[in-house]
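K.L.:
Positions 3 to 214 (this note's numbering) are the ones given, in order, by the sequence shown. Even glycine gets a Cβ: it sits at the ideal position worked out from N, Cα and C. Next up is a structure, given as structure tokens.
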Amino acid sequence: MREVPNLIACEGCDALYRKVQLRRGEIAHCPRCGTELERDAGRQRERILPLTVASLIMFVIANSFPIVEIELQGLSSRTTLFGAVLSLTTEGMSLVALLVLATTILFPLLQLLFLFYLLVSLRNQRNPQRRPPGFSWLVRAMQSLRPWGMVEVFLLGVLVAVVKLSNMATVIPGVALWAFGVLTVLLTAVVSFNPRHFWQMAYAERSQEEIA
Numbered sequence: 003m004r005e006v007p008n009l010i011a012c013e014g015c016d017a018l019y020r021k022v023q024l025r026r027g028e029i030a031h032c033p034r035c036g037t038e039l040e041r042d043a044g045r046q047r048e049r050i051l052p053l054t055v056a057s058l059i060m061f062v063i064a065n066s067f068p069i070v071e072i073e074l075q076g077l078s079s080r081t082t083l084f085g086a087v088l089s090l091t092t093e094g095m096s097l098v099a100l101l102v103l104a105t106t107i108l109f110p111l112l113q114l115l116f117l118f119y120l121l122v123s124l125r126n127q128r129n130p131q132r133r134p135p136g137f138s139w140l141v142r143a144m145q146s147l148r149p150w151g152m153v154e155v156f157l158l159g160v161l162v163a164v165v166k167l168s169n170m171a172t173v174i175p176g177v178a179l180w181a182f183g184v185l186t187v188l189l190t191a192v193v194s195f196n197p198r199h200f201w202q203m204a205y206a207e208r209s210q211e212e213i214a
């Protein structure tokens, strides 16, 4: 959706409408095509920061400890997610390793870091007339990265593999597997925050300053 301080454009049909103040929990739809134009975020902005911090903590834990431990005929093997990426690389599957690295480590981490920076910066911004450095680029980057974060797909694949391997060997879930489970739940809540709300926050703060 393209926005200016007092106008909003429909993503479905490009119709322009004047922005209005939404009541708590209210959603505005385009009368022409029915596309959602805007919704009141309520207190979501206050809740999303601690969820982002918790997600970053779980992300560090999930990538610092072994995912599972496999015991077979007296031999045991364990690895972290990054170790699995390195193993794929050494086995000649560099493209698969790159996809795993990007979709389960790099892109989710960047999205969380960008979100944390923007939330903290806007909360501590003293001058509403100025946006945090890199504001526009980071918001657009978050919107671009969102479809490529696939932690939940990775977790599902690991669970399927664990079930299949349990018939042939002893599989012991590691700390990272539980951390990935918690991270998946947290990310579900975090990604529900639309980056478009950052523009609304900036414009709202600027309008309040102009009125004062």
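1. Please list, in chain order, all residues of the same chain as Leu-167 whose beta carbon is under 6 angstroms from its beta carbon, the five residues on each side excluded.
2. Quick check: Met-144 and Pro-197, are their CB atoms within less than 9 angstroms of each other?
3. Excluding five sequence neighbours on each side, which residues of the same chain lie with their C-beta closer than 7 angstroms to the C-beta of Val-87?
4. Exposed or buried, what is Gln-23 when buried is set at 16 or more other beta-carbons lying within 10 Å of its beta-carbon?
5. Measure the C-alpha to C-alpha separation of Val-177 and Thr-81 and round it to an integer number of angstroms.
6. Should Val-12 go down as buried or exposed, given a rule of 16 or more other Cβ atoms within 10 Å for buried?
7. Measure the Cβ-Cβ separation of Leu-179 and Val-160 and say whether it is below 9 angstroms.
8. If I measure Cβ to Cβ from Leu-147 and keep anything under 7 angstroms in the same chain, skipping five residues before and after, which residues do I get?
9. Return the CA-CA distance between Arg-49 and Ala-30, expressed in angstroms with no decimal places.
10. Cutting at 7 angstroms between CB atoms, please list the residues of its own chain near Ala-1, excluding the five before and the five after it.
11. What residues are listed by DSSP as bridge partners for Ile-175?
12. When DSSP labels each residue in this structure, what does Ser-168 get in the three-state scheme?
P.N.:
Working from what's here:
1. Close CB contacts of Leu-167 within its chain, under the 6 angstroms cut and outside five residues either way in sequence, are with Val-173 (chain order).
2. In contact: Met-144 and Pro-197 (Cβ atoms closer than 9 angstroms).
3. So the qualifying residues of the chain are Ala-99, Val-102 and Leu-103.
4. Flag for Gln-23 reads exposed.
5. Each residue's Cα considered, the two are about 11 angstroms apart.
6. A small correction: the amino acid at residue 12 is Cys; Val does not occupy that position in the sequence shown. Cys-12 is buried by the Cβ-count criterion.
7. Yes, the Cβ-Cβ distance between Leu-179 and Val-160 is below 9 angstroms.
8. If the five residues before and after Leu-147 are omitted, its C-beta is found closer than 7 angstroms to the C-beta atoms of Phe-109, Leu-112 and Gln-113, all from its own chain and listed in chain order.
9. In a straight line, the C-alpha of Arg-49 is about 22 angstroms away from that of Ala-30.
10. Because the chain in this structure spans residues 3 to 214, residue 1 falls outside the shown range and cannot be described.
11. Residue identity differs from the one stated: residue 175 is Pro in this sequence, not Ile. Secondary-structure assignment with DSSP links Pro-175 through a beta bridge to Val-70.
12. Judged by DSSP in its simplified three-state form, Ser-168 adopts coil rather than helix or strand.
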